[in-house]
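A.B. asks: Residue numbers (numbering that gives the first Met the number 0), protein chains in the order written: chain A, 0 to 743; chain B, 0 to 232. Note that the Cβ used here is the ideal one computed from N, Cα and C, for glycine as well. These figures come from a predicted structure and were not determined experimentally.
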Amino acid sequence: MTPTLTPELIRQHGLSEEEFERIKSILGREPNFTELGVFSVMWSEHCSYKNTRRELRKFPTTGRKVLVKAGEENAGVIDIGDGWAVAFKMESHNHPSAVEPFQGAATGVGGIIRDIFTMGARPVFLMNSLRFGPVQSDSATARQNRKLLRGVVAGIAHYGNCIGVPTIGGEVYFDESYNGNPLVNVFCLGILKRTEIARGAASGVGNAVFYVGSETGRDGLAGAAFASRDLTEESKADRPAVQVGDPFRGKLLLEACLELLTSGAVAGIQDMGAAGLTCSTCETASRGGTGVQIDLALVPKRETGMSPYEILLSESQERMLIIVRSGEEERVKEIFEKWDLPYSKVGVVTDDGFMRVLDQGSVEVEIPAKKLAEDAPIYEREVAVPPAPEAIAVSDLPFHDPKESLLQLLGHPTIASKNWIFRQYDHTVRAGTVVPPGSDAAVFYVREADKYLAATTDCNHLYCRLDPREGAKIAVAEAARNLACSGAVPLAVTDNLNFGNPYRPENFWQLREAVEGLAEACRRFETPVTGGNVSLYNESPQGAIDPTPTVGMVGLIEDERWITRQYFRDEGDVIFLVGSIGDEIGGSLFLKTVYGKKAGRPPRLDFDRELALQEFVQAVIRKGIVKSAHDCSEGGLAVALAEACISGAQKIGAKITLPASNQRVDVLLFNESQSRIIVSVAGDGIEALQRQAAQMQVPLIQLGRVGDASLEIETATGALSWPLDQLHETWYNSVALALSQQDL
Amino acid sequence: MKIAVVRFPGSNCDQDCLRALTDGLGVRAEYVWHKETSVAGYDAVILPGGFSYGDYLRCGAIAAFSPVMQSVIKAAQTGMPVFGICNGFQILCETGLLRGALIRNRSLLFLCQPVSLKLENNRTPFTRLSEEGTILSMPIAHGEGAYYADDQTLRELEEGGQVVFRYVDQHGQPTPEANPNGSRNNIAGICNPSGNVLGIMPHPDRSWDHRLGSEDGLQLFRSLVDTLLSVAA
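1) Does residue 394 (chain A) pass the burial test, meaning 16 or more other C-beta atoms within 10 Å, or should it be called exposed?
2) Go ahead and pull the three-state DSSP assignment for residue 338 (chain A).
3) Give the single residue among A:657, A:259, A:370, A:402 whose Cα lies nearest to the Cα of residue 702 (chain A).
4) Could you give the first and the last residue of the continuous beta strand (DSSP E) run that contains residue 540 (chain A)?
5) Buried or exposed: where does residue 89 (chain A) fall if 16 or more other Cβ atoms within 10 Å of its Cβ makes it buried?
6) Please state whether DSSP places residue 214 (chain B) in a helix, a strand or coil.
7) Using a Cβ-Cβ distance under 7 Å, would residue 50 (chain B) count as near chain A?
8) Does the stretch 60-77 of chain A come within contact of the stretch 141-158 of chain A, defined as at least 3 CB pairs closer than 8 Å?
9) Would you say residue 15 (chain B) faces chain A, with C-beta separation under 7 Å as the test?
10) Kindly give me the distance between the Cβ atoms of residue 118 (chain A) and residue 72 (chain A), rounded to whole angstroms, as I take these residues to be in contact under 8 Å.
11) Nearer than 6 Å: is that true of the beta carbon of residue 579 (chain A) relative to any heavy atom of the ligand ADP?
12) Helix, strand or coil, according to DSSP, for residue 149 (chain B) in the structure here?
13) Between the stretch 117-146 of chain B and chain A, which residues of the former have a C-beta closer than 8 Å to a C-beta of the latter?
14) Keeping to the same chain, check which residues put their C-beta closer than 6 Å to that of residue 604 (chain A); ignore five residues upstream and five downstream.
15) What residues in the stretch 95-108 of chain B bring their beta carbon closer than 9 Å to a beta carbon of chain A?
16) Cα separation between residue 172 (chain B) and residue 182 (chain B)?
17) Measuring only the C-alpha atoms, how far is residue 334 (chain A) from residue 212 (chain A)?
18) Using a threshold of 7 Å, state whether the C-beta atoms of residue 637 (chain A) and residue 644 (chain A) are closer than that.
19) I'd like to know if residue 244 (chain A) contacts chain B, where contact means its C-beta is closer than 7 Å to some C-beta of that chain.
20) Could you check which residue in A:167, A:331, A:41, A:408 has the C-alpha nearest to that of residue 265 (chain A)?
21) In this structure, how does DSSP classify residue 70 (chain B) when only helix, strand and coil are distinguished?
22) Can you give the beta carbon distance from residue 115 (chain B) to residue 177 (chain B), rounded, assuming they're within the 8 Å contact cut?
23) At 3 residues or longer, and completely inside the stretch 85-141 of chain A: list those beta strand (DSSP E) runs for me, N to C.
24) Is there at least one Cβ from chain A nearer than 7 Å to residue 111 (chain B)'s Cβ?
25) Run down chain A in chain order and give the residues with a C-beta less than 8 Å from the C-beta of residue 55 (chain B).
26) Quick check on the DSSP output: the beta strand (DSSP E) that includes residue 587 (chain A) runs from which residue to which?
27) Quickly, what does DSSP pair residue 457 (chain A) with across the bridge? List them, please.
28) Could you pull out every unbroken beta strand (DSSP E) segment of at least 3 residues lying fully inside the stretch 415-500 of chain A, listed in chain order?
29) By a C-beta neighbour count over all protein chains shown, 10 Å radius and 16 as the cutoff for buried, is residue 39 (chain B) buried or exposed?
30) Any Cβ of chain A within less than 7 Å of the Cβ of residue 221 (chain B)?
31) Counting contacts by CB-CB distance shorter than 7 Å, is residue 9 (chain B) in contact with chain A?
32) Going by C-alpha distance, which of A:697, A:660, A:683 is nearest residue 676 (chain A)?
33) Let's see if you can read the secondary structure: which residues bound the alpha helix (DSSP H) around residue 725 (chain A)?
34) Is the distance from the Cβ of residue 50 (chain A) to the Cβ of residue 378 (chain A) below 7 Å?
35) Could you give the DSSP three-state label for residue 191 (chain A): helix, strand or coil?
36) Among A:551, A:563, A:610, which has the Cα closest to the Cα of residue 578 (chain A)?
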């Protein structure tokens, strides 16, 4: 029985009265129940970006190397030379992961992989940016956070390992603001020939529309709409909105689709992700300037008695819509039978511009496709500017023993080694991982293209909380810096904007500031935004998460000899700090970890200084002068030095003398001023390094020497010393210890 | 000379194995689809890693009954070299060509990390170019890689020299700490009594190129090729 469209039912579908009026004017009549569902998912924030579209337009999206722009297709495509291109994108699965961490994260990985091979690209690696509440204490909240983390990691491993795409890097942060609302942002990159980009358009009137892949079931019903609401206690009842992933089917679908794409039979291809069959039919029609007509009786189904509403809104995984050139239908049959996958011709491309769905011979849905896909209302949300944060006065902070503080920082799960996590991800399949997880950037050798790619994800939420604009700029700068340290030149960016409910003006202000910060930084670093994802409504009963505009950046390393790692290599090498010693402790992890304060003004980013620094590091890497390069980020100089000592296969010490200063020693050690990189050079490289620095007018401070079995730092007020074993033990085991606790 | 790399649905190291042979050694290797019923015309068979048929039952259990495996079993029985890596090792145990089983890692977690292996038998087609006692570095990547066999079987394997690779520490000692997954006797790889069937959990197909941090795996493929060439000659 079809329900009557009451105001209550319309509200439950997340549509306002104005939006309902707009639907009526598009249709020239009242929608039926199925059509209401279709509009509801297509006009959800997840699919329509109705609250953020105006902001997203601020991003730079063009560039010499951009082959497919943001928003044009499922993922952006960037030229990497010699006829090759990469497609990459980052997407969130925050809401599903909060209620069902394993499947939520697993289907996040499946979804982003489909986005990439939809472009005709073979997925070659994955990364992820994860955020959880604290996991170390005995509290019920920490137990819950551990449960979420174990589930998310297992889910990512389940899907990524089985489908055979290595997970080679990323980041994991821990902070109270993510209690109950973890962030799961997954990234995938694929490789393709630049002439073989596949398109998601339903072109060619009369071409057949094929449904391929898994059967449609009742899982993931209206997941896109679910992801566009606040998470509440009742969200657990939304578990049916979480999809279930089958990486084996995903692998078959991937291989079958790539095989079909090379056969030349495909006119258009689109994955069924958010909003499933609905989204894929109306978007392909809209892009093609055509119409699509499908018959629900022909859709492969897993269950009986599914209503049109359920079939159209299901987000069952591992499904694709393929527009096949007429005369080539046998190819689809041949290839999908070879891979033992369901396929069905479900419809045809029409010339009338309608998304038309037939059920039992009658028309169930008839909506102008372009209006459905592109004419969602666009809103300008209200902003409220909060008071600027107060600066921190160092004199108000009681002095703590820096020896202790460094250990506290190294043991903080945000800084500590994530080996317990990345060991669970297959990061060596496809035989291309050159720099594995745990360095500034991961480096991957794409064998088919003979290219070295570096990739990283970055975002410091503490800075973004205190100053979203500056924090967003720093996220881009740090990503570029990480790539520069690994020997790469940054190419482009994908971003994942994770924010709270946009209807709260203070949240929307954060979003706008962050977008403008990202946009400015991407312009300065000449890294266009090629796509990404917006995840709003990240709220738990305690309030909105810290604003988290995660940046995924990809770079190219032109020569294998330029690949550089973050850790010290040989006894006797000389250590330099490129950049100044710094003094900004606002928003630092030191302030949070040692004093429990998320406060102060975060560090400022000076673009000119940062660009000069990165150019310098790229230059000295190319000249073969430096043996290691590591950027200073969370935990400042002291943590960066410790990591350079202990993060390699072989631990090696360092003896450092800090220049004289009138700053307090803890400020010197742990401040997070930007634009700083630690490099090490062999004795005979010192002169060349200094010459290059003088020539490029980059500040260079000689810090000390590599060697021995401890980290020693000599300051004006005395010497500090940590045995390497103690540093390593603290840093290496902290996350593993927290997560191997038995939580019954 | 032509080497078959079997592709099951869900194989994901097929390309890595093929490239180790073609790019690493410049020999001819081809994919053979799981629905094929013959491996005639090939001189050796590689069963690559991955999750054959999804591994939703027991790892390798369905693959053991695939059409292609029936011909691989017959070929193995007549002496053709058959090399199972990771999921391939699991499949070989399921077919009975190798004894014992691979069960879940001691930690119950999937593990991807480099390991050190000691070569203990260089009388197989896959190891003949290396000295016994050589220590090799390769990555593992598995959730179910703990080798298990009962005491009697274990004794027979040990006495028959069928333990080909063992997990060891940097000094070559098979310590409990060097055992990543809880394998009995630190066993990483075994062969059949005549040595022409080898199964190992670590990945030579991910350690054949200097870029990957180790080229130790190439030696296994090189030995195989050397064996095939010497047979031909």
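C.D. replies: Taking the geometry as given:
1) Exposed.
2) Note: residue 338 (chain A) maps to coil in three-state DSSP.
3) Ranking A:657, A:259, A:370, A:402 by CA distance to the CA of residue 702 (chain A) puts A:657 first.
4) Unbroken run through residue 540 (chain A): none, as it is neither H nor E.
5) It counts as buried.
6) DSSP places residue 214 (chain B) in the coil class of the three-state scheme, outside both helix and strand.
7) For residue 50 (chain B), the answer is yes, since a Cβ of chain A falls inside 7 Å of its Cβ.
8) Touching, no, given that fewer than three Cβ pairs across the two stretches are closer than 8 Å.
9) Chain A places a beta carbon closer than 7 Å to that of residue 15 (chain B), counting this residue as a contact.
10) About 6 Å; that satisfies the 8 Å criterion.
11) In the structure on display, the ligand ADP does not appear, and there are no ligands present to speak of.
12) In the structure shown, residue 149 (chain B) sits in coil (DSSP, three-state: anything other than H, G, I, E or B).
13) Within the stretch 117-146 of chain B, the residues whose Cβ lies closer than 8 Å to some Cβ of chain A are 138, 140, 142, listed in chain order.
14) Residues 472, 473, 476, 673 of the same chain have their beta carbon placed closer than 6 Å to that of residue 604 (chain A), with the five preceding and five following residues left out of the count.
15) Identification of residues in the stretch 95-108 of chain B having a C-beta nearer than 9 Å to some C-beta of chain A yields 106, 108, given in sequence order.
16) The straight-line gap from Cα to Cα measures roughly 15 Å.
17) Approximately 12 Å between the Cα atoms of the pair.
18) Taking 7 Å as the Cβ cut-off, residue 637 (chain A) and residue 644 (chain A) do not qualify as a contacting pair.
19) It does not; no Cβ of chain B falls within 7 Å.
20) Of the candidates A:167, A:331, A:41, A:408, A:331 places its Cα closest to the Cα of residue 265 (chain A).
21) Shown here, residue 70 (chain B) sits in a helix according to DSSP, grouped into three states.
22) Contact between residue 115 (chain B) and residue 177 (chain B) holds: their C-beta atoms lie close to 7 Å from each other, under 8 Å.
23) You should have 121-131.
24) Residue 111 (chain B) counts as touching chain A.
25) Near residue 55 (chain B) (Cβ distances below 8 Å), the residues of chain A are 247.
26) Neither: residue 587 (chain A) is in no beta strand (DSSP E) and is coded neither H nor E.
27) DSSP, once it has assigned bridges, lists A:550 as partnering residue 457 (chain A).
28) DSSP runs (the beta strand (DSSP E)) wholly in the stretch 415-500 of chain A: 432-434, 441-445, 450-457, 488-497.
29) Exposed is the call here.
30) So, not an interface residue.
31) Closer than 7 Å to some Cβ of chain A, the Cβ of residue 9 (chain B) qualifies, so yes.
32) With distances taken between Cα atoms, residue 676 (chain A) lies closest to A:697.
33) 723-738 is the extent of the alpha helix (DSSP H) around residue 725 (chain A).
34) In contact: residue 50 (chain A) and residue 378 (chain A) (Cβ atoms closer than 7 Å).
35) Looking at residue 191 (chain A) - three-state DSSP - the assignment turns out to be strand.
36) Ranking the options by Cα distance to residue 578 (chain A), first place goes to A:610.
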